Amino acid sequence: MGKKTKSSKASKPALQTPFVQLTRSLYLTLSPCAYNFPLEGLCAEHISPHLLSYFSPLRGILLGYSNPRLSENPDDAIKAHSSEEAKTVMAQSIAEYAVSYVWLTCQFTIFRPVRGSTLEGDVNLQSESVLGLMCYNYFNAAIDREKLPSEWNWDGEKWVDGDGEQIQGRITFKVEDFEASGQDSITIMGTMKNG
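If you count the sequence shown from 1, position 155 lands on 155 in UniProt numbering, and the numbers rise without skipping.
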């Protein structure tokens, strides 16, 4: 995996959306078997295996990437908006290692929830201690009993609101916290209480 990263200054979203698009340069190893097709080799070895999993250099779930391009330094790749604009790139070989190093720059789309942001999820699990939600048909979220509205009650089988109606369908909640859970996913903890 790359040892260095650099991102463009315009990579911070204006709104608190969990979906972030950014340009990022990664300093990666280029295996000798990929010398004939370096761009494809770098993407296949270092980027594509992380699709739909937590990718720590981007601090979120990697949903997709586009416009990959090579460069000798990250600033050149960020300025060149497509691989056609890029010049011939010389990879660096350090000491006697069998691999070379090169910068790979891509536009990435990631899912990175922010504390306090609002998400929606469909109820998919109900227990006395937690309400489980599925967000965007892929991400799991949980709201602990203490974080549910005070007028909601557990009737022994399901959660019901103050009118006795079953809690089901789409629920809006605030992200209280989230953490990477292993290599593949994140756990989102939510709240429906203010403050």
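From the three backbone atoms N, C-alpha and C, an ideal C-beta is built for every residue, glycine too. A quick note: this is a predicted structure, and the numbers were derived from the prediction, not measured.
query	result
7 Å CB neighbourhood of residue 122 in its chain, flanking five on each side removed	133, 134, 169, 170
Close beta carbons around residue 161, own chain, < 7 Å, minus the five adjacent residues each side	151, 152, 167
Assigned secondary structure, residue 44 (DSSP; H/G/I helix, E/B strand, else coil)	helix
Meets three-Cβ-pair contact criterion under 8 Å: the region 87 to 96 and the region 48 to 60	no
Unbroken beta strand (DSSP E) run spanning residue 37, endpoints	Counting along the chain, residue 37 falls outside any beta strand (DSSP E), and DSSP gives it neither H nor E.
Validate contact between the region 91 to 102 and the region 136 to 147 using beta carbons, cut 8 Å, 3 pairs	no
As assigned by DSSP and simplified to three states, the class of residue 151	coil
Contact belief for residue 23 with residue 107 at Cβ below 8 Å, rounded distance in angstroms	5 Å
Close-in-space but distant-in-sequence residues of the same chain around residue 176 (CB under 8 Å, 5 per side omitted)	115, 147, 189, 190, 191
Counted within 10 angstroms of its Cβ, other Cβ atoms place residue 136 as buried (16 or more) or exposed	exposed
Beta-carbon gap between residue 28 and residue 50 smaller than 8 Å	no
Exposure of residue 117, with buried meaning 16 or more beta-carbon neighbours within 10 Å	exposed
Which of helix, strand or coil DSSP assigns to residue 117	coil
Status (buried if at least 16 other CB within 10 Å, exposed otherwise) for residue 186	buried
For residue 72, the three-state DSSP class (helix, strand or coil)	coil
Helix, strand or coil at residue 2 according to DSSP, with G and I counted as helix	In this prediction, residue 2 scores a pLDDT of 45, lower than 50, which makes its location untrustworthy; no coordinate-derived value is stated.
Residues near residue 31 in its chain [Cβ-Cβ closer than 7 Å; skip 5 each side]	41, 45, 99
Three-state secondary structure assigned by DSSP to residue 146	helix
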